Amino acid sequence: MSGAADWLHGLPPVLDARTRVVVLGSFPGVASLQARQYYAHPRNQFWPILGRLLGLPLPALPYEQRLAVLLAHGIGLWDVYARCVRAGSLDSAIERAEPNDLAQLRRRCPQLRAVLHNGGESWRHARRTRALGVAVQRVPSTSPANASWTLQRKLAAWAQALATHGVPLAGWSPDSEDGVALDTGPGVVPAAGSGAHVPARHGEEPVAVASREDPT
19 MSGAADWLHG LPPVLDARTR VVVLGSFPGV ASLQARQYYA HPRNQFWPIL GRLLGLPLPA
79 LPYEQRLAVL LAHGIGLWDV YARCVRAGSL DSAIERAEPN DLAQLRRRCP QLRAVLHNGG
139 ESWRHARRTR ALGVAVQRVP STSPANASWT LQRKLAAWAQ ALATHGVPLA GWSPDSEDGV
199 ALDTGPGVVP AAGSGAHVPA RHGEEPVAVA SREDPT
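Mind the numbering: the sequence shown is residues 19 to 234 in my numbering, read in order.
Here's what the structure looks like:
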């Protein structure tokens with residue numbers, strides 16, 4: 019039986035009144051918990067991808083400046099779990115997980131338009147985010163474990179998701195980015211009552227493999 023000392027506590031949300039899109043992960047990996055930083059694993063592609071899309075050298079900036087850039091672009095960060103018991107960084111090793119109060123996203127982010135679930139474990143909680151009445155979309159995991167997606171495909175998918183929900187992409191040109199065009203296929207679940215006619219996904223994005231390491 020795990021004791022109280024085994025509990026791992028997640029990171030505080032990165033949100034403010036300007037936040038329009040929240041990127042929702044599962045729970046920080048070991049590297050992120052040690053650094054107390056989102057997506058701190060050196061091979062996680064989150065910061066390189068966002069840097070490319072926003073046209074800024076995010077990986078080279080101090081962490082607090084990276085967060086300030088995201089907030090200035092209307093992007094927030096959080097995870098579905100507040101705390102859990104887990105050995106290593108495997109999502110499949112998560113036990114006794116306690117969820118974050120995602121309902122507070124609506125109160126804290128009056129301009130919220132969408133939640134992007136970063137990876138399969140986060141996507142399992144899409145029912146809770148749909149209840150917020152905003153658009154909900156799964157994006158391919160930025161973890162290096164998601165090796166079936168090339169960086170170019172991830173860039174295109176993330177660009178499509180962010181642009182759809184109003185984030186300006188100063189650093190992205192689909193016609194010149196090594197021939198990668200934005201994915202205009204299914205993948206977005208529109209907000210309830212929005213009137214938007216966007217087809218639901220039918221399996222394009224890979225489901226996280228539970229036995230894989232998911233460094234964040």
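From the three backbone atoms N, C-alpha and C, an ideal C-beta is built for every residue, glycine too. Computed from a predicted structure; not experimentally measured.
Quick check on the DSSP output: the alpha helix (DSSP H) that includes residue 122 runs from which residue to which?
As a working note, residue 122 is residue 104 in the sequence shown. From DSSP, the alpha helix (DSSP H) with residue 122 extends over 122–126.
Helix, strand or coil at residue 36 according to DSSP, with G and I counted as helix
Here the question's residue 36 lines up with position 18 in the sequence shown. Coil.
Between the alpha carbons of residue 94 and residue 31, how many angstroms are there, rounded?
Numbered from its first residue, the sequence shown carries residue 94 at position 76. Numbered from its first residue, the sequence shown carries residue 31 at position 13. Going from the Cα of residue 94 to the Cα of residue 31 covers about 8 Å.
Spatially closest choice to residue 140 from 42, 36, 77, by CA coordinates:
To locate residue 140, count along the sequence shown from 1; it is residue 122. Minimum Cα distance to residue 140 is reached at 42.
Near residue 152, which residues of its chain fall below 7 Å by C-beta distance, leaving aside the five closest residues on each side in sequence?
Taking the first residue of the sequence shown as 1, we reach residue 152 at position 134. Only 130, 131, 132, 133, 209 meet the Cβ criterion.
Could you check if residue 52 is buried or exposed, using at least 16 other CB atoms within 10 Å of its CB as the buried criterion?
As a first step, residue 52 must be located in the sequence shown, where it is residue number 34. By the 10 Å Cβ count, residue 52 comes out exposed.
Please identify the residue among 78, 58, 100, 156 whose C-alpha is closest to the C-alpha of residue 39.
The residue given as residue 39 occupies position 21 in the sequence shown. Here the closest residue by C-alpha is 156.
Is DSSP giving residue 146 helix, strand or coil here?
In the sequence shown, the residue the question calls residue 146 occupies position 128. Here residue 146 sits in helix by DSSP.
Residue 122 burial status per 10 Å Cβ neighbour count (16 or more: buried):
Looking up residue 122 in the sequence shown gives position 104. Result: exposed.
With DSSP collapsed to three states, give me the class of residue 61.
On the sequence shown, residue 61 is found 43 positions in, with the first residue counted as 1. The answer is coil: DSSP assigns residue 61 none of H, G, I, E or B.
At what residues does the beta strand (DSSP E) containing residue 85 begin and finish?
Numbered from 1 along the sequence shown, position 67 holds the residue referred to as residue 85. Residue 85 -> not in any beta strand (DSSP E); alpha helix (DSSP H) instead, spanning 81–90.
Run the CB neighbour count on residue 143, radius 10 Å, all protein chains shown included, and call it buried at 16 or more, exposed below.
Taking the sequence shown and counting its residues from 1, the one referred to as residue 143 is at position 125. With 16 or more other Cβ atoms within 10 Å, it is buried.
Determine the closest residue to residue 28 out of 163, 174, 137, 101, with distance taken between C-alpha atoms.
On the sequence shown, residue 28 is found 10 positions in, with the first residue counted as 1. Closest option to residue 28, Cα to Cα, is 101.
Rounded straight-line distance, which links the Cα of residue 35 to that of residue 66:
Translated into the one-based positions of the sequence shown, residue 66 becomes position 48. Translated into the one-based positions of the sequence shown, residue 35 becomes position 17. Spanning the two alpha carbons is a distance of roughly 25 Å.
Whose C-beta lies closer than 6 Å to the C-beta of residue 58 among residues of the same chain, with five residues either side of it excluded?
Counted from its first residue, the sequence shown places residue 58 at position 40. Only 49, 50 meet the Cβ criterion.
Is DSSP giving residue 134 helix, strand or coil here?
The count along the sequence shown starts at 1 and reaches residue 134 at position 116. Here residue 134 sits in strand by DSSP.
Cβ atoms of residue 166 and residue 137: under 8 Å apart, would you say?
Locating residue 137 in the sequence shown gives position 119, where the first residue counts as 1. Locating residue 166 in the sequence shown gives position 148, where the first residue counts as 1. No, the Cβ-Cβ distance between residue 137 and residue 166 is not below 8 Å.
Taking its Cβ as the centre, do 16 or more other Cβ atoms sit within 10 Å of residue 119, making it buried, or is it exposed?
The residue you call residue 119 lines up with position 101 of the sequence shown. With fewer than 16 Cβ atoms within 10 Å of its Cβ, residue 119 is classed as exposed.
Excluding the 5 residues preceding and the 5 following residue 85 in the sequence, name in chain order all residues of the same chain whose CB lies nearer than 6 Å to its CB.
What you label residue 85 is simply residue 67 of the sequence shown in a count that begins at 1. Excluding positions up to five away in sequence, the list reads 32.
Proximity below 8 Å, CB of residue 97 to CB of residue 46:
Locating residue 97 in the sequence shown gives position 79, where the first residue counts as 1. Locating residue 46 in the sequence shown gives position 28, where the first residue counts as 1. Yes, the Cβ-Cβ distance between residue 97 and residue 46 is below 8 Å.
Range of the contiguous beta strand (DSSP E) that encloses residue 156
For the purposes of this step, residue 156 is taken as the residue at position 138 of the sequence shown. Segment 153–157, the beta strand (DSSP E) holding residue 156.
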